[in-house]
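Residue numbers (this note's numbering), protein chains in the order written: chain A, 4 to 338; chain B, 70 to 434.
From the three backbone atoms N, C-alpha and C, an ideal C-beta is built for every residue, glycine too.
Everything on this sheet refers to the single structure shown next.
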Amino acid sequence: MPVRVGIPRGMYFYKYYPFAKTFLEELGAEVVPSPETTKEILDSGVKFCIDDACLPVKVYHGHAYKLRDNTDFILVPRLTSVSQKEYICPKFGGLPEMVKYSVPDLPPLIDTEVNLHRSQKDLKKALFKLGSALKIKNPLRLNNAYNKALAEHHSFKSKVFEGNTPNQLINGAAAKNKIEGNHTIGVIGHPYLIYDSFVNMKLFKKLEDWGIRFVTPEMVDPHIINERCNELSKRMFWSSGKSLIGGALYMMDNSNIDGLLLMTAFGCGIDSLAVEYIESIARKTYSKPFIILSLDEHTGDAGYNTRLEAFKSLLDWRLTDDNNISSYGRSVHSY
Amino acid sequence: MIITYPHMGEAYIAIKAVLDDIGVESIVPAYTTKATMQLGSKLSPESICLPFKIMLGNYINAIKSGADTIIITGSCGPCRFGYYGPIQKQILEDAGYKDVEFIILDSPGEDFKKFISSIARITGGRFIAPIRALRAGYKVCCEIDKMNELVYYIRPRAINKSQVKAITHSFRSNIVNVKGSAQITELIRDTVNKLKAIELDTSFEPLKIGIIGEIYTIIEPFSNLETEEKLGELGIEVHRSMTVKDWADNTIVRPVTGRKPYTKEKRLSKPYLPALIGGHAQQCIAHAIQYAKHGYDGLVQIYPMTCMPEIVSRSILPQIEKDYNIPILSLIVDEQTGEAGYVTRLEAFVDYISGGREQAKAAIN
Ligand code: SF4
Ligand code: SF4
Chain A
4 MPVRVGIPRG
14 MYFYKYYPFA
24 KTFLEELGAE
34 VVPSPETTKE
44 ILDSGVKFCI
54 DDACLPVKVY
64 HGHAYKLRDN
74 TDFILVPRLT
84 SVSQKEYICP
94 KFGGLPEMVK
104 YSVPDLPPLI
114 DTEVNLHRSQ
124 KDLKKALFKL
134 GSALKIKNPL
144 RLNNAYNKAL
154 AEHHSFKSKV
164 FEGNTPNQLI
174 NGAAAKNKIE
184 GNHTIGVIGH
194 PYLIYDSFVN
204 MKLFKKLEDW
214 GIRFVTPEMV
224 DPHIINERCN
234 ELSKRMFWSS
244 GKSLIGGALY
254 MMDNSNIDGL
264 LLMTAFGCGI
274 DSLAVEYIES
284 IARKTYSKPF
294 IILSLDEHTG
304 DAGYNTRLEA
314 FKSLLDWRLT
324 DDNNISSYGR
334 SVHSY
Chain B
70 MIITYPHMGE
80 AYIAIKAVLD
90 DIGVESIVPA
100 YTTKATMQLG
110 SKLSPESICL
120 PFKIMLGNYI
130 NAIKSGADTI
140 IITGSCGPCR
150 FGYYGPIQKQ
160 ILEDAGYKDV
170 EFIILDSPGE
180 DFKKFISSIA
190 RITGGRFIAP
200 IRALRAGYKV
210 CCEIDKMNEL
220 VYYIRPRAIN
230 KSQVKAITHS
240 FRSNIVNVKG
250 SAQITELIRD
260 TVNKLKAIEL
270 DTSFEPLKIG
280 IIGEIYTIIE
290 PFSNLETEEK
300 LGELGIEVHR
310 SMTVKDWADN
320 TIVRPVTGRK
330 PYTKEKRLSK
340 PYLPALIGGH
350 AQQCIAHAIQ
360 YAKHGYDGLV
370 QIYPMTCMPE
380 IVSRSILPQI
390 EKDYNIPILS
400 LIVDEQTGEA
410 GYVTRLEAFV
420 DYISGGREQA
430 KAAIN
């Protein structure tokens, strides 16, 4: 029987799942992703994780716990850095430890470190190490798996770039983000917030029902993101923060985008600076509808929906009223 | 140019010594108070970590007393501290403090030319005098550490604890009035002599608590509601895991002399956290192990709300608690931390570990 490797559906799942799946399957493993987030998963995450961690980390703990029975290993990589001279967030670096010391009854973790801070080439080395955790050392086979995984990753990324959301692509329903509607908005936030429909209380579904198209940072050309981040007075050293800031700056200048929706995790260290920065720019220069939704495990449906609806009416109102009076207001924008 | 810098515990004493010796005019920001913190918080992003807010308050106080240039160190990740400078600068500008210059000392490795020009900007282009001043500043750090260790020893044992408080507080008010490393050292030695004259109950065997966690909140007494003093007055001999001298050792002395920083901490923490994640998470774990090995009775971890690296270390500490059989209390601080609740938790913890010792004694008898 092939070894079963579990992959928790949290953190950078919606960024790297196709990559990891291909690589592991090429090595003969059976890949078992945890199901989409549910109340039960969130609750067990909240129970096991230390209480002052951010929501995404708690959700991730719940996913790891969900995989405890039906897997031989769980892949919880240490993603110290996924691009040169950049980090993601200290919690990504310490994720294997957080899970290992908080969640009970887990099978062994595969906690290979991916650290591309020095060079992008270190990815291959990391994957070879990952292979040896599964007792596969044949360099030809590893190399082959690596190439296939990379190819899959690139094809996945380009599909996202074309407007498909990662959750649609991975969760099956590969419908394109081709909603018939009047508005297009930018949705800015970490992938585990905006692509996890339980965590964000079905945001995309709501937008679709309202006929609102959307663009996410993953659908923006990375070169543009890089370029826009050069406007910062100091080099942005978090790739996570970079895509939020670069994405938002680009979308704010784009006349086809009618409003901006920011999603932030309560207590997120990166957001406390990145979202703050975006907000300060928006306050000074952005006249279109702008909303920040902050999520934690206590966020209730009702207040959330009210604010979303207020945002939508601002979009509608702007469409019927060409005067373009600044609609940026604290009303929809309070936390 | 009148320089200022944010407070972090005794750091100001060493920085003042260095700047005085070079002959650069500087202002020590007023000691941090609740008002300072509120001033900083009002202008800061709501969910930024506490040190950011307090530092911002320090700057504004110093600017109001005439400072026009702020120096801080920087870094390029992985933690938020690396981004403090640019954002604080922006906030000050937006708040109307437009003519304030920020000199951010990033590591020379990031941009060597910029580093040298920043140093030149501070020293007026001189490089020899500053080196001598830095050495003297380092010696001041050593003196401060010695004085603190003495205070840690004396506080729980003093017959009259208010004497310790009186001496340490008068040190704090006098230090800003003396100039240069020589006078500063003299005042420290003076204070040490006064402390040594305090009458002690040497037969008393206090419990020992090690203080670990995020560097700023353990070094800056205001931010941790004077935990050291409070524990000392409860009859505990405390020890703080990081000091300004350690920071200088690992950030300046070791790199300059070609040695790797924090080697011991990395080795000790390796079984629990084998990678650098940012902040001082590895150090926190290593210090916990070290104190446990040295027979400490308990540990207090302190960190700011939402501090990313310390949230990771806090997840690991329960394992250390088990493996080394040492009780650990985690205290999270932010601008809303209430004195009463905080003290209650400290007292309960002290009770808990004293109970532990009594039980152990009973078991031995
Ligand atoms: S980036 Fe923010 S939300 Fe993500 S793990 Fe770090 S602190 Fe949590
Ligand atoms: S270590 Fe903690 S307090 Fe320091 S910058 Fe990072 S999050 Fe803030």
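How is residue i classed by DSSP in three states: helix, strand or coil?
| i | result |
| --- | --- |
| F293/A | strand |
| I160/B | helix |
| I287/B | helix |
| P147/B | coil |
| W241/A | strand |
| H349/B | coil |
| E234/A | coil |
| S399/B | strand |
| F273/B | coil |
| F26/A | helix |
| Y90/A | strand |
| V278/A | helix |
| A251/A | helix |
| E427/B | helix |
| S231/B | helix |
| V247/B | coil |
| P111/A | coil |
| P36/A | strand |
| P177/B | coil |
| I139/A | coil |
| P441/B | This structure leaves residue 441/B out entirely; chain B is present only between 70 and 434. |
| P378/B | helix |
| S258/A | coil |
Assuming the contact rule is C-beta atoms closer than 8 angstroms, residue i and residue j should be a hit. Round their C-beta distance to whole Å, please.
| i | j | result |
| --- | --- | --- |
| D299/A | L58/A | 5 angstroms |
| L269/B | R323/B | With 8 angstroms as the limit, L269/B and R323/B do not qualify as a contact, their Cβ atoms being about 36 angstroms apart. |
| M266/A | I191/A | 7 angstroms |
| H156/A | F22/A | 4 angstroms |
| I71/B | A136/B | 5 angstroms |
| I91/B | T237/B | With 8 angstroms as the limit, I91/B and T237/B do not qualify as a contact, their Cβ atoms being about 28 angstroms apart. |
| P387/B | Y104/A | 7 angstroms |
| G347/B | P373/B | So it is not a contact: roughly 14 angstroms between Cβ atoms. |
Whole angstroms are fine: how far does the CA of residue j sit from the CA of residue i?
| i | j | result |
| --- | --- | --- |
| R309/B | E334/B | 15 angstroms |
| T286/B | A83/B | 18 angstroms |
| I197/A | G194/B | 51 angstroms |
| I228/A | D114/A | 30 angstroms |
| I228/B | V220/B | 14 angstroms |
| Q123/A | Y207/B | 39 angstroms |
| A154/A | L27/A | 14 angstroms |
| S283/A | R149/B | 18 angstroms |
| T101/B | S242/B | 13 angstroms |
| S110/B | F131/A | 47 angstroms |
| P396/B | N170/A | 44 angstroms |
| Q157/B | A131/B | 14 angstroms |
| R81/A | G244/A | 18 angstroms |
| E162/B | V412/B | 38 angstroms |
| M204/A | L78/A | 27 angstroms |
| R201/B | Q405/B | 43 angstroms |
| M239/A | P194/A | 18 angstroms |
| A361/B | D72/A | 35 angstroms |
| E416/B | Q87/A | 48 angstroms |
| L145/A | L133/A | 10 angstroms |
| R231/A | G249/A | 5 angstroms |
| F184/B | Q159/B | 21 angstroms |
According to DSSP, what are the bridge partners of residue i?
| i | result |
| --- | --- |
| N118/A | S84/A |
| G279/B | H308/B and L368/B |
| E170/B | T138/B |
| R323/B | DSSP lists no partner for R323/B. |
| H186/A | I215/A |
| M266/A | L296/A |
| F76/A | V8/A |
| P340/B | Its beta-bridge partners do not exist; DSSP assigns none. |
| T73/B | I139/B |
| I191/A | L265/A |
| P387/B | BP columns for P387/B are empty, so no partner. |
TODO: Give, in chain order, every residue of the segment 323-348 of chain B whose Cβ lies closer than 9 angstroms to some Cβ of chain C.
DONE: Absent from the structure: chain C. Protein chains present are A and B.
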